[in-house]
Structure formats: structure tokens, C-alpha cells
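Trainee: I'd like to ask you about the structure that follows.
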Amino acid sequence: MKFSYKILLSCIITMAAALGIGGYFFVNDVFEASMEREMEQAADESNILQFAFETAALNIPAKYDLLQNSAVKDIGANLEKRGQGTSRLLRLSDENREILYASEGFVEDTKLLASIEKQTRVYRVIHPDDHYYIQTGAEIKALDRTLYLETMRDVTAVYAERARGFSVYRNMTLLILALSSVLMLFISTWLTRPIRLLTKAARNMTDGDYSYRAEQVSRDEMGQLTQDFNHMAGVVEENIHKLEAEVEAREDFIAAFSHELKTPLTAVIGYADLLRSRKLDEEKHFLSANYIYTEGKRLEAMSLRLLDIIVAKRGELIPQEMDVELLFGYLKDMFGEKKEHPFVFRYEPGRIRGEADLLKSVLLNLADNACKASGPGSPIEILGENRERGYYFAVQDKGVGISPEDCKRITEAFYMVDKSRSRSHNGAGLGLALCAEILKLHGSKLEITSTLGEGSTFAFWIPYEEMKDDGTKEGQKSGSDCIDGPDPAGGSAGTGADRPL
Ligand code: ADP
Numbered sequence: 000m001k002f003s004y005k006i007l008l009s010c011i012i013t014m015a016a017a018l019g020i021g022g023y024f025f026v027n028d029v030f031e032a033s034m035e036r037e038m039e040q041a042a043d044e045s046n047i048l049q050f051a052f053e054t055a056a057l058n059i060p061a062k063y064d065l066l067q068n069s070a071v072k073d074i075g076a077n078l079e080k081r082g083q084g085t086s087r088l089l090r091l092s093d094e095n096r097e098i099l100y101a102s103e104g105f106v107e108d109t110k111l112l113a114s115i116e117k118q119t120r121v122y123r124v125i126h127p128d129d130h131y132y133i134q135t136g137a138e139i140k141a142l143d144r145t146l147y148l149e150t151m152r153d154v155t156a157v158y159a160e161r162a163r164g165f166s167v168y169r170n171m172t173l174l175i176l177a178l179s180s181v182l183m184l185f186i187s188t189w190l191t192r193p194i195r196l197l198t199k200a201a202r203n204m205t206d207g208d209y210s211y212r213a214e215q216v217s218r219d220e221m222g223q224l225t226q227d228f229n230h231m232a233g234v235v236e237e238n239i240h241k242l243e244a245e246v247e248a249r250e251d252f253i254a255a256f257s258h259e260l261k262t263p264l265t266a267v268i269g270y271a272d273l274l275r276s277r278k279l280d281e282e283k284h285f286l287s288a289n290y291i292y293t294e295g296k297r298l299e300a301m302s303l304r305l306l307d308i309i310v311a312k313r314g315e316l317i318p319q320e321m322d323v324e325l326l327f328g329y330l331k332d333m334f335g336e337k338k339e340h341p342f343v344f345r346y347e348p349g350r351i352r353g354e355a356d357l358l359k360s361v362l363l364n365l366a367d368n369a370c371k372a373s374g375p376g377s378p379i380e381i382l383g384e385n386r387e388r389g390y391y392f393a394v395q396d397k398g399v400g401i402s403p404e405d406c407k408r409i410t411e412a413f414y415m416v417d418k419s420r421s422r423s424h425n426g427a428g429l430g431l432a433l434c435a436e437i438l439k440l441h442g443s444k445l446e447i448t449s450t451l452g453e454g455s456t457f458a459f460w461i462p463y464e465e466m467k468d469d470g471t472k473e474g475q476k477s478g479s480d481c482i483d484g485p486d487p488a489g490g491s492a493g494t495g496a497d498r499p500l
């Protein structure tokens, strides 16, 4: 059964019960008041008759010193006659409760007569045939005799009035229920509208329309529920999009990984086949073996990088406080003497918390990439500054630069801007992915500023605050921020999404 019908039904049942019980008590109350009045009148009538009988007995001629039964009958008949027009019914009985006189239509039943006590008046309501009567009984002292007087007062009209009251009330109740049912149907339909809208939204979402939201039509608890539902739908939609993006990224990763494996393996298999199937001269033999060796080395380097990334992803950081001199000194040792690219080191002294080997690896990768992207003689700057957020590292080159589209994907595993250039340098597009993972562990991320043909800056902050146990910082996203063109204000914009592996 629909919820709106349930509301309607419960309202009808409640109203019917309330009107029924209320009506019963109201009609009954009126009836009881009328019956009380009738009882009083029956008692008054009995009193009057008692007095009239005693007066009449006293007026009997003096020759009789006894009140004869015949005289009792006469007085009874006389009293009944005098009450004509009011349908007076009476019965007179002697000391032995033998009936001496009874009006026509008086009940034959003598139960009340038997219960009359000295100087008391007794009552009962009787229901002979279709009529209702109040029967009264009282003792009369007339001359030397003790007699019993009973009267009957017709109260059928009072009972009929009660029945009519019930009937009117029942009809009225039914009419009120019918009219209020129509009204309640509208009200319950209106009240349950938010539920219908929520159901529709839930169904649409189940069918795959995650952007569908329930319309909020009230500000009450239902409105709050709709708001909460929509909020939940928003979170679900966001998570689904994230999952979809992750699945897509994983698929891309697997495709790129297979491709990166296939290329060197094809060369290795081809040259190995050549070596085993033909007798080659010494030079060709050396070239073939050399191909196998260099491609094998590339595969080895790639698998080691992948391993590094996986370890960085799953690993926990054991941060230690260190002097930045440790990192810059290492870079100077590695690149300071390079004749091909003049390296410029400009850094402020400072202390940071992190894992030295991992940070060395990041700086090494960035410096190495800068060398690969720059022409011979092009200078490369390594900067270090104490800033508000943390210690700032930057590697700047004046090389080929990166387009905004490439910039967004550059930290994805196996993503290479110029595949042939990368491969010729034994790269597989894994260096920046590794850097992103390491920086994530340090609660940081790469910020890339680049202009095609002019050069790039790869920067990151090592925040000063304390690290969490898992090595990440709250509220920090991993990946990279990509800024097009030179970065005059040092601000950042662009993507910061997690990259697969
Ligand atoms: P790889 O190990 O193959 O160099 P990376 O992940 O380090 O892979 O780099 C991904 C891609 O980004 C490379 O294809 C490279 O061409 C490009 N890249 C990295 N650093 C720079 C830079 N400083 N200037 C221009 N291109 C860069």
C-alpha cells in the first residue's frame, strides 16, 4: 500500500474513532439528562397520586370506619380518569400485595411491587412491547390500611430521541469522514511528494544518471533529508568519477607498460634470432649483441624504476632532520663538473625534515631531465629558498619546454613527451612518476611552470610542519600542479590529481 494511502487511512481511522466515541458520549449525556428529568417527574407524579389517594380516602363518608377494597378501586379509577390526557397508568394493591385496581395496559409483572419497602419509593425502567416506561412503587397509608401504589410513565419518546441522536450523529460522522478523506488525500499526497522525488532520484541514479538530484520542496525534516541525499549523491558521483578515472588511468598504464616491454623485447628477440640462425661477420655480430645488451639494460632500468615507484607508493617515510647542504652538495658532486651544461647553484641555508636518499633521487631526476631537455651550453639553475610554507626547491632550464597538454600528464607513468628522445636517453617515462610519489610521501607535490621553446621550472616545497606517521601531510594532494608560462608570482594552478602507479 502506498505511504500516502497509509497516512490517509490512519487519519480516517483516528477521525472515525474520535467522532464515534465523542458522538456516543454526547448523545448519551443528553439522554441521561432527559431520563433524570423524567425520573423526577415520575417521582412527583407518584407523590401527587399518593397525596390525592390519601385525601380521597379521608373524604369517604363516616359510616365506613374501614377503607373497603371497592372504595380503593373507585379511588383508583377516579385518579386514573382525572389524569386522562396524560396517559396516566396506575395500580393499587392491598397489604398482601394483591392487586385491587390496575389501569388498562399496566404491566402484569409484580417484581417492583414485591420490592417496595416501608416509606421508600422504588423505580425501574421497563420495556414492554415497543414502549419504554419508568415504573415507580410507593407505600400509602390511608385510614387503617397500608396499600401500595404503582405508576407507569411513558418515556418512549426519550429513547426515540436517543436513537434519532445516534442516527443523526452517525450520518454526520460519515459525511465529515467522506469530505475530510478527499481533503486528507490531497494533504497526504502533498506531504509525501518529497519521498516520491527522492525515490525518482534514487532510481535515476541506479540507472546510471549520477548527476540527477532530487528537487527540494520543503524546509522541514524531509527537506533536510533531500539535502543530505543530494549531498550523498554528490559524494557518490565524485567517487565514481574518481574510480572511473583511476580505472582509465590503470588501463592506460597497462597499455603503456605492455608497449614499453614489447619494444625492447622485439629488438632483443629479433637480434637473438639473427645471431642463432646466421653466421655473421664480426662487426654485425658485435652490433647485434650490443643491441641485445642495450635493450636488456633499458628493460632492467625500467623494471628498477617501476620497483622504486611501487616501493615509494607502499612505503613509509622515516623522516630525519637534515641540512639542505646535504642535498645541494650531492647535486654539485653529480652535476657541478658537467661540461655540457653549466650548472648554477643559488640556495639559502636551511633545515628540512625528510628522507635524504629519496629527496636526492627527486632532485637528481629533475636535474637529469633538465639536461636532457636543454641544448649543449644551455645553463641549468638549481634554487633553494626558505619560504613561508616550507623550503623551496626549483630546477630551472632554458630547454625545449613542455606544452600545457603534456604538462598535465607528465607525471603519469610511461608518459613521454618525445618518445624517441626519451628512449634515446634510456628513459621510459617513469622518472617524474617516481618524483611525484616521493613528494607525496613528504606531503608535497611538483609544481611545473613551462613555456614551449623557452624552458621549464620544476619546483616543490618541503613543508616545515611535523610529518604524520604515514609520512603524508593532511590536506596535501599528490601529483603535480602545472602552470603555463613563466611564474611571476610563484603561484600555482592546474591539476593535482593522483596518477596511476
Ligand atoms: P624519462 O625517465 O623518460 O625522462 P620522465 O618521467 O622523467 O621520463 O619525464 C617524462 C617526460 O617529460 C619525458 O618524455 C620528457 O621529455 C619530459 N620532460 C621531463 N622534464 C622535462 C624538462 N625539464 N623539459 C622538457 N621536457 C621534460
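Counting from 0, one number per residue, gives the positions in the sequence shown under numbering that gives the first Met the number 0.
A virtual CB, placed ideally from N, CA and C, is assigned to each residue, including glycine.
Everything numeric in this text was worked out from a predicted model, so none of it was measured.
1) Under 8 Å by Cβ, that's how I've got E214 and L242 pegged, so tell me the actual separation to the nearest angstrom.
2) Apply the 10 Å Cβ neighbour rule to A255 and answer buried if 16 or more other Cβ atoms are within range, or exposed otherwise.
3) Which same chain residues, not among the five before or five after K359, have their C-beta less than 7 Å away from its C-beta?
4) Closer than 8 Å is the cut-off here; do at least three beta carbon pairs connect the segment 299 to 316 with the segment 269 to 282?
5) Which stretch, first to last residue, makes up the beta strand (DSSP E) that contains Q223?
6) Classify S145 as buried or exposed, calling it buried when 16 or more other Cβ atoms lie within 10 Å of its own Cβ.
7) Since I20 contacts F52 with CB under 8 Å, what's their CB separation in whole angstroms?
8) Given a cut-off of 8 Å on the beta-carbon distance, is the pair D396 and S373 in contact?
9) Could you pull the DSSP bridge partners for G75 from this structure?
10) Under 7 Å from any heavy atom of the ligand ADP, does the C-beta of V361 make it?
11) Would you grab the beta carbon distance between Y100 and L88 for me? Rounded to a whole angstrom, and I think it's under 8 Å.
12) Does any heavy atom of the ligand ADP sit closer than 7 Å to the C-beta of A372?
13) For S477, count neighbouring C-beta atoms within 10 Å of its own C-beta (all shown protein chains included) and say buried if the count is 16 or more, exposed if not.
14) Below 8 Å, can you find three or more Cβ-Cβ pairs linking the segment 374 to 387 to the segment 217 to 227?
15) Which two residues bound the contiguous alpha helix (DSSP H) that contains N364?
16) Would you call the segment 180 to 197 in contact with the segment 116 to 130, where contact means no fewer than 3 C-beta pairs closer than 8 Å?
17) Is it buried or exposed, V154, if we count other Cβ atoms within 10 angstroms and call 16 or more buried?
18) Any contact between the segment 282 to 289 and the segment 246 to 266? By contact I mean 3 or more CB pairs, one from each, below 8 Å.
19) With a cut-off of 8 Å on the beta carbons, I'd call V267 and E294 a contact; round off their distance for me.
20) So if DSSP puts V394 in a beta bridge, which residue, or which two residues, is it bridged to?
21) Counting C-beta neighbours from all protein chains within 10 Å, is the total for Y292 16 or more, i.e. buried, or is it exposed?
22) Is Y414 close to the ligand ADP? I mean its beta-carbon at under 7 Å from any heavy atom of the ligand.
23) Can you list, in chain order, the residues of its chain with a C-beta nearer than 6 Å to that of S287? Leave out the 5 residues immediately preceding and following it.
24) For V399, is the classification buried or exposed, using 16 other Cβ atoms within 10 angstroms of its Cβ as the cut-off for buried?
25) Exposed or buried, which one is I239 when buried takes at least 16 other CB atoms within 10 Å?
26) Taking 8 Å as the threshold, find out whether the segment 338 to 346 comes into contact with the segment 376 to 388 through three or more Cβ pairs.
27) Is it the case that the segment 26 to 45 contacts the segment 150 to 166, given that we only count it when at least three CB pairs across the two stretches are under 8 Å?
28) Compare the beta carbon distance of L457 and L365 with 8 Å and say whether it is the shorter of the two.
29) Measure the alpha-carbon distance for E446 versus S402 and round it to whole angstroms.
30) Quick check: the Cα distance between G353 and V361, rounded to an integer number of angstroms?
31) Could you check which residue in E411, L438, H441 has the C-alpha nearest to that of G428?
32) I need the straight-line Cα distance from N501 to K296, nearest angstrom please.
33) Would you give the residue range spanned by the beta strand (DSSP E) that S449 belongs to?
34) Measuring straight from C-alpha to C-alpha, what distance separates Y414 and R408?
35) Do the CB positions of E250 and M301 come within less than 8 Å of each other?
Mentor: On the basis of the coordinates in this document:
1) For this step, residue 214 is matched to residue 215 along the sequence shown. For this step, residue 242 is matched to residue 243 along the sequence shown. Going by Cβ atoms, the distance from E214 to L242 rounds to 27 Å, so no, they are not a contact pair.
2) As a position in the sequence shown, residue 255 is number 256, starting the count at 1. A255 should be labelled buried.
3) In the sequence shown, residue 359 corresponds to position 360, counting from 1. Hits under 7 Å: L326, Y329.
4) no
5) Working through the sequence shown from its first residue, we reach residue 223 at position 224. Per DSSP, Q223 belongs to no beta strand (DSSP E); it is in the alpha helix (DSSP H), 220 to 276.
6) Within the sequence shown, numbered from 1, the residue matching residue 145 stands at position 146. For the sequence presented, residue 145 should be read as Thr rather than Ser. So T145 counts as exposed.
7) Sequence index remark: in the sequence shown, residue 20 carries index 21 (1-based). Sequence index remark: in the sequence shown, residue 52 carries index 53 (1-based). In fact, because the Cβ distance is near 47 Å, the residues do not count as touching under 8 Å.
8) Stepping through the sequence shown from its first residue, residue 396 is reached at position 397. Stepping through the sequence shown from its first residue, residue 373 is reached at position 374. Yes, the pair counts as a contact, with Cβ atoms nearer than the cut-off.
9) Translated into the one-based positions of the sequence shown, residue 75 becomes position 76. In DSSP, G75 forms no bridge with anything.
10) As a working note, residue 361 is residue 362 in the sequence shown. Checking the Cβ of V361 against the ligand ADP gives no.
11) Reading the sequence shown from its first residue, position 101 is the one you call residue 100. Reading the sequence shown from its first residue, position 89 is the one you call residue 88. Going by Cβ atoms, the distance from Y100 to L88 rounds to 11 Å, so no, they are not a contact pair.
12) Within the sequence shown, the letter at position 373 stands for residue 372. True, at least one ligand heavy atom lies under 7 Å from that Cβ.
13) Start at 1 with the first residue of the sequence shown, and residue 477 comes out as number 478. Unreliable positioning characterises S477 in this predicted model, as indicated by a pLDDT of 47, which lies under 50. A coordinate reading is not provided.
14) no
15) Translated into positions along the sequence shown, residue 364 becomes position 365. Note, N364: alpha helix (DSSP H), 355 to 372.
16) no
17) Stepping through the sequence shown from its first residue, residue 154 is reached at position 155. Counting Cβ neighbours within 10 Å, V154 comes out buried, since at least 16 surround it.
18) no
19) Stepping through the sequence shown from its first residue, residue 267 is reached at position 268. Stepping through the sequence shown from its first residue, residue 294 is reached at position 295. With 8 Å as the limit, V267 and E294 qualify as a contact, their Cβ atoms being about 5 Å apart.
20) Here residue 394 refers to the residue found at position 395 of the sequence shown. Its beta-bridge partners are I381, F457.
21) Sequence index remark: in the sequence shown, residue 292 carries index 293 (1-based). Classification of Y292: exposed, given that the 10 Å Cβ count is below 16.
22) As a position in the sequence shown, residue 414 is number 415, starting the count at 1. Y414 Cβ: within cutoff of the ligand ADP.
23) As a working mapping, residue 287 is identified with position 288 in the sequence shown. Excluding residues within five positions, the ones whose Cβ falls inside 6 Å are Y270, L273, L274.
24) Residue 399 sits at position 400 when you count from the first residue of the sequence shown. Label assigned to V399: buried.
25) Residue 239 sits at position 240 when you count from the first residue of the sequence shown. The residue is exposed, with fewer than 16 neighbouring Cβ atoms inside 10 Å.
26) yes
27) yes
28) As a working mapping, residue 457 is identified with position 458 in the sequence shown. As a working mapping, residue 365 is identified with position 366 in the sequence shown. The sequence shown places Phe at residue 457, rather than the Leu named in the question. Their beta carbons are under 8 Å apart, which means F457 touches L365 by this criterion.
29) Taking the sequence shown and counting its residues from 1, the one referred to as residue 446 is at position 447. Taking the sequence shown and counting its residues from 1, the one referred to as residue 402 is at position 403. Using only the alpha carbons, I get a separation of about 14 Å.
30) Position 354 of the sequence shown, counting from 1, holds the residue named residue 353. Position 362 of the sequence shown, counting from 1, holds the residue named residue 361. Spanning the two alpha carbons is a distance of roughly 12 Å.
31) Working through the sequence shown from its first residue, we reach residue 428 at position 429. Closest option to G428, Cα to Cα, is E411.
32) Residue numbering for the chain in the displayed model covers 0 to 500; residue 501 lies beyond these limits and cannot be assessed.
33) Taking the first residue of the sequence shown as 1, we reach residue 449 at position 450. First-last of the beta strand (DSSP E) with S449: 445 to 450.
34) Translated into the one-based positions of the sequence shown, residue 414 becomes position 415. Translated into the one-based positions of the sequence shown, residue 408 becomes position 409. Whole-angstrom Cα-Cα distance: 7 Å.
35) By 1-based counting over the sequence shown, the position of residue 250 is 251. By 1-based counting over the sequence shown, the position of residue 301 is 302. Going by C-beta atoms, E250 is not nearer than 8 Å to M301.
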